[in-house]
Amino acid sequence: MQVKSRHHLRSDAVSDVEDTLEEQLGVSPDGDAYERVEFEDTDWEVVLIDGEPQVAYFEEEPFLTVRGANTYEPHQQLVTVDAGAVSFVSDGADVMRPGITEATDDISPGDLVVIAEESHGKVLAIGRARVEGADMVGTEGKVIDSLHHVGDDLYEFSG
């Protein structure tokens, strides 16, 4: 991915990102330098925290990247998948009910969610919920649209 522009965030923009992540995910990013990076040929926009791509904008909404979620370990807006779903989710597949073992109750349709595997709690993907958290576990149906996953261009980008 080619960088189109890169600039340091003003303190009010840093506060907005930090407040949003605290409210959504219960995490408090802590860094000395926040830079916003825009790319050529893609809609991705990333916030580097101390040089690491920890936050991305999904439809103008800041949210942790897979790397950011593995760094800060959120416990809100979290969906856990079983071992059988790991390879699919890691390849960018949307998430189906049978692969989900649990989901937090704070999830509403349209929310961004963190998708982690159950054995080690490692985050595999970021997605957008189609249903309430309480309705995620079941036997059939697509419940999360995948937006960013391990191994995609965003994941591979390094500041």
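All the letters of the sequence shown, read from the start, carry residue numbers 2 to 160 under this note's numbering. Where is the CB? At the ideal position from N, CA and C, for every residue including glycine.
Between Asp95 and Ser147 the beta-carbon gap is near 5 Å, inside 8 Å, which marks them as a contact. For Ala126, the uninterrupted beta strand (DSSP E) run begins and ends at Val124 to Ala130, by DSSP. Separation of the CB atoms of Thr72 and Gln55 is rounded to 6 Å, and the pair is thereby assigned contact status at 8 Å. Annotation for Ala117: Ala70, Leu79, Val80, Thr81, Val82, Lys123, Val124 and Leu125 place their beta carbon closer than 8 Å to its own, counting only its chain and skipping 5 residues before and after. With 16 or more other CB atoms across the displayed protein chains lying within 10 angstroms of its CB, Val87 is buried. A direct Cα-Cα distance of roughly 12 Å separates Phe40 from Tyr58.
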